[in-house]
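Protein chains in written order, with the numbering used here: chain A, 12 to 163; chain B, 7 to 377; chain C, 66 to 244.
Even for Gly, the Cβ is constructed at its ideal location relative to N, Cα and C.
Some notes on the structure that comes next.
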Amino acid sequence: MLNEELKAKITELLPAATFDEGGEWLNINIEPKDWLPLAQQLRNDNSLFFDYLFCLTCIDWKTHLTMVYHLSSTQHRHNIVVKSKLDRNNPEIETVAHIWKTAEFHEREVYEMFGVNFLHHPDLRLLILPDGWEGKNPLRKDFEDPINMIKL
Amino acid sequence: MFEEVGTTIDGDMIINVGPQHPATHGVLHLVITLNGETIKKVEPHLGFIHRSIEKMCESLSYRQFIYVTSRMDYLSAHINNHACALCVEKGLQVEIPPRAQVIRVLMDELTRIASHELWWGAMAMDLGAFTPFFHAFRERESINDIMEETCGARLTMNYMVPGGVMQDLHPNFQKRTKEFLQLYKRKIHEYDELVTGNIIFQNRMKNVGYLSAEDAVSYGCSGPAARGSGVSCDIRKIYPYEIYDKLEFDEVLETAGDSFARYMIRIREMQQSIRIIEQLIDNIPEGDFQTKTKAVLKLPKGEFYTRVETARGELGVYIVSEGGTTPYRIKFRSPGFSNLSVLDHIARGSKLGDLVAMMGTLDLVIPDIDR
Amino acid sequence: MDVTQQTTKGDFPGQIHETPGGGIVLSKLDDVINWARSNSLWPLTFATSCCGIEYMAVAGAKYDFSRFGFEVARATPRQADVIIIAGTIVNKMAPVLKRLYDQMADPKYVIAMGACAISGGPFFYNTYSVVKGADHVIPVDVYVAGCPPRPEALLHALIKLQEKIKSGLTREQIRKDKE
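This is how it looks when you write it as structure tokens:
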């Protein structure tokens, strides 16, 4: 399906979504509370059938955080990007680990690097950082570590 | 941090494999819950080689960060550099000359053969045979010599730059590659009989570690690990980049889903890479090897994503730029991260000795996972 | 401290007198023990990242290190003599490295291979998790430069370590002499 058709279909499913043009893939901006129902529909609807979540990450704009999900379909070969703005002081969003199982590891990584709390995640704890690094979110822009980091 | 050897209430034993272990291909710590010799749960602990590459790249310029990425998945170093160069070129919107495109594809395919050779040697060594290791390294040395003449280094060659390649091919490149291919086509039959036809290897790999197609897609597997279950996911065929859409080669698929299928896919991929190199080696177009770009690169404001097919699966490079000379955020979607998450799912119920065969056929390189 | 001036390159240390009915060998026991130790060092298989591949290439057939006596690469530290730190050491791995070094039996030697093990290498600036040099964790005898070092450079380092042992100037031996 082309970007125009995808845009029409997504507006049907979720009228509150806004779109960004300009990239090669359609970018959809949604509220965090709408993410879980939209994710289930993206996965189960036969004409969309986004069954392959290939990138899950977070970006720290200094006033807020943005979650970015890249989805693809193995049958129809179309791709979209879903973005959602989170509040910086209390970032929370629903987990999608029961829909796409790859999200389990990816969400753990975003939890430890940015501090985003994923509600109802089966096992949310540190993955890559050593013990004792809970709460220090290294990939945030205001992370300071005078002992370990030597600045150029 | 380390769970010591102990027993739980039902008599299960918890043991550690790694971090320092000859069979884990890097520093991976697995905490395995066993009942006798049957595995009940495998939990990977990562982070023993986490070098904070994503944070470091936020302070390096667009020409500098490529050098760090060749140390991420060091066995397909050219392909990693290729992905980063493609992403920067997408942002700058420059065209690459045809000679540079052909050189890049040739180097990629030679790297793929070298990576699969080392995988083959190391996996046979894990299953107990020492001879294939020496054969594999002999072939790898020939490829390393060819690359060293042109690129200057054996392992972390930083040859791809935004705009093309760093310098032209050495005059001996064509002759040496053709000699290597002549020798290699005879040897690959020998290796097939030595390891693939061996009854012990077949019994250790058939029906071990079954992965179904739906699970492969749900867990985000890519590369030979997913193609072994019948999922068609070769980026070179589906979303072609450079000149892959003009070349003739097959995407190798198997439907059995066990370790032996993943093994056979990599052996056949080596043969397909030979086919690609043969189509290109006599037809390298003349011309420039690099388009002129400015010395200090600045990407416009926006987000750019590129996907390439490394020897392990799909690598994604995601650059978010604010218009400056350094990236605002870089994310590397590494193939090993998702391939490792499937290990717990396929290892339940098998024996401890089968775990080595499964890890070998998933082809994990740990610095790629930890970044 | 010049390690090469005191070594007899490759020869048996001492004097061999040919007498009818056999021969007489005159030497210092220390020299004979050092000569025997340096010619059969068993490395521990410890490779964290890219330098590990060059280490495996040195073990391969083209640059063969078993002609120097390093053939038997043991996986367990209890049976190994030398630990070749090939790769970056990060904060999470440092206690593991210390534990492995403590488990090795005396006399033990350490080679730091590659730029990452010497000083943090390319990961020196702006990283929060890399130990800037393996010698913050364990004492090192020989440093090999390169990223990754060529196999010939690693062989040069192994020969240098052998010369150091024969001349009695490794950290182990200096420490023992002071006691």
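query                                                                                                                                          : result
Any chain A beta carbon closer than 8 angstroms to residue 101 of chain B                                                                      : no
Partner residues on chain A for residue 376 of chain B, Cβ-Cβ distance less than 9 angstroms                                                   : 139
CB contact check: residue 74 of chain A to chain B, cutoff 8 angstroms                                                                         : no
Cutoff 6 angstroms; reference residue 345 of chain B; Cβ partners in own chain excluding five residues on either side                          : 227, 231, 368
Residues near residue 371 of chain B in its chain [Cβ-Cβ closer than 8 angstroms; skip 5 each side]                                            : 31, 32, 79, 80, 81, 318, 342
Residue-chain proximity (residue 8 of chain B, chain A), Cβ-Cβ < 8 angstroms                                                                   : Here residue 8 of chain B scores only 46 on pLDDT, less than 50, and its place in the model should not be relied on; the value that follows carries that caveat. Chain A contact via Cβ: absent.
CB of residue 294 of chain B within 8 angstroms of CB of residue 105 of chain B, strictly                                                      : yes
Other residues of its chain near residue 154 of chain B: CB distance less than 6 angstroms, five sequence neighbours each side excluded        : 160
Beta-carbon separation (whole angstroms), residue 117 of chain B vs residue 84 of chain B, contact threshold 8 angstroms                       : 4 angstroms
C-alpha distance - residue 179 of chain C paired with residue 163 of chain C, whole-angstrom precision                                         : 19 angstroms
Straight-line gap, residue 190 of chain B to residue 137 of chain B (C-alpha atoms, nearest Å)                                                 : 17 angstroms
Simplified DSSP assignment, three categories, for residue 80 of chain A                                                                        : strand
Top-ranked residue by Cα proximity to residue 235 of chain B, from B:201, B:271, B:247, B:202                                                  : B:271
Distance CB(residue 128 of chain C)-CB(residue 217 of chain C) smaller than 8 angstroms                                                        : yes
Complete runs of the beta strand (DSSP E) confined to the region 72 to 144 of chain C [at least 3 residues]                                    : 80 to 84, 87 to 91
Nearest to residue 242 of chain B (by Cα), restricted to the options B:373, B:115, B:218, B:198                                                : B:115
Residue 169 of chain B, buried or exposed, once every other Cβ within 10 Å from all chains shown has been counted against 16                   : buried
Endpoints, the alpha helix (DSSP H) within which residue 223 of chain B is located                                                             : 219 to 224
Three-state secondary structure assigned by DSSP to residue 72 of chain A                                                                      : strand
Contact list for residue 58 of chain B against chain C, beta-carbon separation under 9 angstroms                                               : 155, 188, 191, 192, 193, 194, 195
Cα-Cα separation between residue 162 of chain A and residue 189 of chain C, rounded to whole angstroms                                         : 9 angstroms
Selection of the region 43 to 74 of chain A by Cβ proximity to chain B, strictly under 8 angstroms                                             : 62, 63, 64, 65, 66, 68, 70, 71
Neighbourhood of residue 50 of chain A by C-beta distance below 6 angstroms, restricted to the same chain and skipping five residues each side : 107, 110
Assigned exposure category for residue 122 of chain B - 16 Cβ within 10 Å defines buried                                                       : buried
Inter-residue Cα distance where the pair is residue 9 of chain B and residue 362 of chain B                                                    : Residue confidence for residue 9 of chain B is low, a pLDDT of 47 falling below 50, so the modelled location carries little weight; the figure read from the coordinates is stated next. Approximately 21 angstroms between the Cα atoms of the pair.
Cβ-based burial, residue 81 of chain C [other Cβ within 10 Å; buried from 16]                                                                  : exposed
Where the region 31 to 54 of chain B meets chain A: residues whose CB sits under 7 angstroms from a CB there                                   : 52, 53
Partner residues on chain C for residue 153 of chain A, Cβ-Cβ distance less than 8 angstroms                                                   : The premise fails here: residue 153 of chain A is roughly 13 angstroms from chain C at the closest Cβ pair, so nothing lies under 8 angstroms.
DSSP beta-bridge partners of residue 27 of chain B                                                                                             : DSSP output for residue 27 of chain B lists no bridge partner at all.
Within 9 angstroms of chain A by C-beta, residues of the region 330 to 352 of chain B in sequence order                                        : 334, 335, 337, 339, 343, 344, 346, 347, 348, 351
Chain B within 8 angstroms of residue 145 of chain A, Cβ atoms only                                                                            : no
Where residue 7 of chain B falls: helix, strand or coil (DSSP)                                                                                 : Low confidence applies here, because residue 7 of chain B scores a pLDDT of 42, under 50, leaving its location unreliable; read the following figure in that light. Looking at residue 7 of chain B - three-state DSSP - the assignment turns out to be coil, as it is neither helix nor strand.
Three-state secondary structure assigned by DSSP to residue 57 of chain A                                                                      : coil
Coarse secondary structure for residue 107 of chain A, derived from DSSP in three states                                                       : coil
CA-to-CA distance, residue 41 of chain B to residue 52 of chain A, given in whole angstroms                                                    : 41 angstroms
Cα-Cα separation between residue 203 of chain C and residue 101 of chain C, rounded to whole angstroms                                         : 25 angstroms
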